[in-house]
Each structure stands twice: as structure tokens, then as C-alpha cells.
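Q: One structure coming up, written as C-alpha cells, with questions to follow.
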Amino acid sequence: MRSNGFVLGAVLTTALGLVFSTVSAESKAAESHLAIPAETVADYLHAVIEADRTVYTVHVVERLQKKGKIVASEDWRTSHTLPLPAQFLRESSELAALTGSKVRYRLVGLWPINPQNAPTTESERQGLEEVQRHPEQRHSGVISVGGTQYFQAIYADRAVAQACIGCHNAHPRSPKRDFKANDVMGAIVIEIPLSD
């Protein structure tokens, strides 16, 4: 009787071990299949960033300016106005960086009012030129920054509201003053690290 219990215990232990090792192996295999391509992640991030920025531009800035309630301005911190849509995106990006996320995003342009929004690398410049020619397509590739490889995706940033067009066309530091609705004004650059 005792040996039957021992054999049964050994069989159960072996069976459980096999089940757990099989589940563990299947779980690891499933995890490797759960990886989302960097291109897809960048597209998801871009969709959220673009939607947030468009809602802010159209439903906050433009609506309040049309009603004469409050305006958006460059010196929004001191003049108690709203941040410009470009500043809103920059502030959001800086806040996201404080969370420890290594994902980076920013606005760049061939005709920036703010020099900080000029392309800083040749890949950014090439991407800007490419999305200017083909705004419906993402320009992407792998870049290296400080020894870390990033997937870089560059998306056309279009003039979605009169507030954008009016500001850029009237600003004294604007190098280009003939923007129209839906023109490509610049680009959103998203960089995702390819390793931890």
C-alpha cells in the first residue's frame, strides 16, 4: 500500500512537472509571438499623439479664440494664456520623458518658428523631405544615439486648423508664410528604443 502511494506520488509529481514545464515553454513561446513590431507601435503612438494634438488645437485653442475667451501664445506661462499647439506637444513629450519612458517624440520642421524644432540630424532632415513629398506615408528606419539603437518614425504634420495657419503665416520669425489648410507644416518624430 505504501509503495502504491509512493508510486502514485512520483507519477503525480512527474506529471505536474511535465505540465508546468510544458505550460512554461508554451508561455515563453506565446510571449515571443506577442511582440509587436516597432513600426506598429510607432503607428499606434502617432495615432494617439496626433488625435490629442488635433483635439487640443481644434476644440480648445481654436474654439476659445473664436469665442474671444482666451488665446494661445508663445509666452503662455507668463501671460496666462493657452500654450500653442506646438508647445502643447513639447510639454506633453517632456512630461512623458519624466515617467522614465525611453520613447521620445517631438515636432520638427523645415521652416520652424522655434529653432528647437529644426531637424537635428540628417535622418530627420531626410524624413522631413520625404513626408513633404509623400505625406500619407511614414518615413522610418533604425538610428543609433549614444550607443542605443532606436526605431525612428517620421509622420507628416498637417495644418489642421486656421489657428495653425494664421500663426505661422503671420509670425515675424516664420520662414514660410503661405501655408494653407492641410499643408504639411512639418513632422512628428517618434523614436522607440530597440532594447531595454
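Per my numbering: the sequence shown = residues 53 to 248. Positions of the beta carbon are idealized from the N, C-alpha and C atoms, including for glycine. Just so you know, these numbers come straight off a predicted model, no measurement behind them.
Using 8 Å as the Cβ pair cut-off and three pairs as the minimum, do the segment 232-248 and the segment 151-166 touch?
A: Yes, since at least three Cβ pairs between the segment 232-248 and the segment 151-166 fall closer than 8 Å, the two stretches touch.
Q: Can you tell me the Cα-Cα spacing of Gln204 and Trp128, whole angstroms?
A: Answer to the nearest angstrom: the Cα atoms are 31 Å apart.
Q: Closest to Ala89 by C-alpha separation, out of Ile122, Ser192, Ser145 and Ala149, would be which residue?
A: Going by the sequence as given, residue 89 is Pro instead of Ala. Answer by Cα proximity: Ser192.
Q: Less than 7 Å between the beta carbons of Ala213 and Glu114, yes or no?
A: Yes, Cβ-Cβ distance for Ala213 and Glu114 is below 7 Å.
Q: Count the other CB atoms within 10 Å of the CB of Arg185; is the residue buried (16 or more) or exposed (fewer)?
A: Exposed is the call here.
Q: Pick helix, strand or coil for Asp230, following the three-state DSSP scheme.
A: Correct three-state label for Asp230: coil.
Q: Answer with buried or exposed for Thr109, where buried requires no fewer than 16 other C-beta atoms within 10 angstroms of its C-beta.
A: Classification for Thr109: buried.
Q: Contact check, Val160 vs Glu176 under 8 Å by CB: the rounded distance?
A: With a Cβ gap of about 5 Å, Val160 and Glu176 count as contacting.
Q: Mapping the DSSP letters down to three states, classify Leu97 as helix, strand or coil.
A: Here Leu97 sits in helix by DSSP.
Q: In the DSSP output, what is Val197 paired with across the bridge?
A: DSSP lists Thr200 as partners of Val197.
Q: Report the three-state DSSP secondary structure of Ala138 (helix, strand or coil).
A: Ala138: helix per DSSP, three-state reduction.
Q: Can you give me the C-alpha to C-alpha distance between Glu174 and Asp95, rounded to a whole angstrom?
A: When rounded, the distance between both Cα atoms is 22 Å.
Q: Return the residue from the list Gly238, Pro164 and Ile101 that minimises the CA-CA distance to His223.
A: Minimum Cα distance to His223 is reached at Pro164.
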